[in-house]
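Novice: Structure provided below as structure tokens; questions to follow.
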Amino acid sequence: MTGLINALQEYMGEHKSVVLLTVFDRMGSAPRGAGAHMIVGQEGRVFGTIGGGAVEYEAEQRAIQVLQEKHSCREHYYLKQNEIQDLGMVCGGEVDVAFSYFDSEDQSVKECITFCKALQMREETVWLILDITEAVDGRFAFYGRKSGVVGMEVPEAVVDQMLTAFGTVEEAGRKYYYERLTQPGRVYIFGGGHVAQALVPVLSAIDFNCVILEDREEFCKSELFPKAESVLKIDMRQIKDYIHITEEDYVCVMTRGHKDDTIVQEQILRTPAAYIGVIGSRKKKAKVFETLKQVGFTDEDLARITTPIGLEIQAETPAEIAVSIAAQLIQVRAGSGNI
């Protein structure tokens, strides 16, 4: 959602008021679920989508009214039978949308956007929190785990329950919607072979920052990874000399062979990495795990490793494997799905 934050900052910086539309609930076969966003200005939609079709058109028109009224609101939309058929759906759907009015002349709103951008620049997780209590006036806040809240007051009990990528919390008679807009974290990819070369553009397209780590000169070239944040030539036996892996980082291991994979895994298991995925067969997994147990790792330690890496979609080519890995990282980032 980096683009969303940038778009808000751009339009507010040009002294243009906008309305941020946020889908916070969906029932049935509505095209987009919670977390879909759209920004509407006087000229209409300027960023994002909440699914297209009649619902988006009606929501866009309502947002233009909100701009004129300068008053936030929430609306419920129901897809009629002909709209459902146009979208290729079988059954009906409904969506709830929050319309948050951002007044370009309101200094407090500008401070919220500036705060949000600062969190992003400091690589701190950014959360959007909306008060979606019935008939409330579209109050909102941005939140960072380290920096706190800017905007409306948010009860600590609400913050304590923000454990997934998005959800709702009821507290003291009010209902709040929360959503993780950005999460720092990098994907450290050990090995620069064909799968890594296919993986980086897929991950960069879905807002993952990738770092390639290689010890072979021929696979450690920036032109092979134009979408990577950086490409580092390293000694695989001394990873900590080059990078610092945090609890928000992901690791994908796809080196030249078993020996190097094992060397990397032994070091990565001593970090708090959020995800450790290793390419290879189940036969390879058994052999490597046996070696790791011999140096003191437990079954609980080894359970942190996902191998074979990626979702099981019968992927064979580097491009297909890249898609399966990206899909799994989306699951982990969203806090949903078991791996």
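Going left to right, the sequence shown walks through residues -10 to 328 as this note's numbering numbers them.
We treat Cβ as the ideally placed atom computed from N, Cα and C, and that holds for glycine.
(1) Quick one: what's got a C-beta closer than 6 angstroms to Val79's C-beta in the same chain, skipping five residues either side?
(2) Which class does Pro20 belong to by DSSP, given the choice of helix, strand or coil?
(3) If you reduce the DSSP assignment to three classes, tell me which class Thr171 lands in.
(4) Measuring alpha carbon to alpha carbon, tell me which residue in Glu218, Leu119, Leu(-7) is nearest Val29.
(5) On a Cα-Cα basis, can you pick out the residue from Gln31, Tyr0, Asp92 that is closest to Lys59?
(6) How would you label Leu152, buried or exposed, when you count the other beta carbons within 10 angstroms and need 16 or more for buried?
(7) Identify whether Ser61 lies in helix, strand or coil by the three-state DSSP scheme.
(8) Is Val79 helix, strand or coil when you go by DSSP?
(9) Flag this pair as yes or no: are the beta carbons of Met243 and Phe179 separated by less than 8 angstroms?
(10) Less than 8 angstroms separating the beta-carbons of Gly174 and Ala263?
(11) What do you reckon, are the CB atoms on Arg15 and Val84 nearer than 8 angstroms?
(12) Taking the alpha-carbon positions, what's the Gln74 to Gly269 distance?
(13) Report back the beta-carbon spacing between Tyr0 and Val8 to the nearest angstrom; my notes put them in contact at under 8 angstroms.
(14) Can you name the start and end residues of the beta strand (DSSP E) that Met151 belongs to?
(15) Pull up the distance between the alpha-carbon of Asp250 and that of Glu112, whole angstroms please.
(16) May I ask you to report which of helix, strand or coil DSSP gives Leu68?
(17) For Gly127, write down the residues that DSSP places opposite it in a beta bridge.
(18) With DSSP collapsed to three states, give me the class of Gln26.
(19) On the CB-based measure, 16 or more other CB atoms within 10 Å of its CB, does Val220 come out buried or exposed?
(20) What residue range does the alpha helix (DSSP H) around Phe278 cover?
(21) Is the stretch 213 to 231 close to the stretch 310 to 325, with three or more CB pairs under 8 angstroms?
(22) Buried or exposed: Thr296, going by 16 or more other Cβ atoms within 10 Å of its Cβ?
(23) What number of angstroms, rounded off, separates the C-alpha of Arg271 from the C-alpha of Lys164?
Specialist: Based on what the coordinates show:
(1) Bear in mind that the predicted position of Val79 carries a pLDDT of just 39, short of 50, making it unreliable; the figure below should be weighed with that in mind. For Val79, where only same-chain residues beyond five positions count, there are no Cβ hits under 6 angstroms.
(2) Only weak support exists for where Pro20 lies, its pLDDT of 45 falling under 50; the value from the coordinates is given anyway. For Pro20, the three-state secondary structure derived from DSSP is coil.
(3) strand
(4) Leu(-7)
(5) It is Asp92.
(6) Taking a 10 Å sphere around the C-beta of Leu152, we find fewer than 16 other C-beta atoms and assign the residue as exposed.
(7) coil
(8) Per-residue confidence for Val79 stands at a pLDDT of 39, beneath the threshold of 50, marking its modelled position as unreliable; the derived number appears in the next sentence. Coil, per DSSP.
(9) yes
(10) yes
(11) Yes, these two residues count as a Cβ contact at 8 angstroms.
(12) Its pLDDT being 45, under 50, Gln74 is placed unreliably by the model, and the measurement read from it follows with that caveat. For Gln74 and Gly269, the distance between alpha carbons rounds to 44 angstroms.
(13) Wrong, their Cβ atoms sit about 10 angstroms apart, outside the cutoff.
(14) Note, Met151: premise wrong, no beta strand (DSSP E); not H, not E.
(15) 29 angstroms
(16) coil
(17) Paired residue(s): none; Gly127 is not in a bridge.
(18) The identity of residue 26 in the sequence shown is His, whereas the question assumes Gln. Strand, per DSSP.
(19) Buried is the call here.
(20) 271 to 283
(21) no
(22) Buried, since its Cβ has 16 or more Cβ neighbours within 10 Å.
(23) If I take the Cα positions, the gap works out to 46 angstroms.
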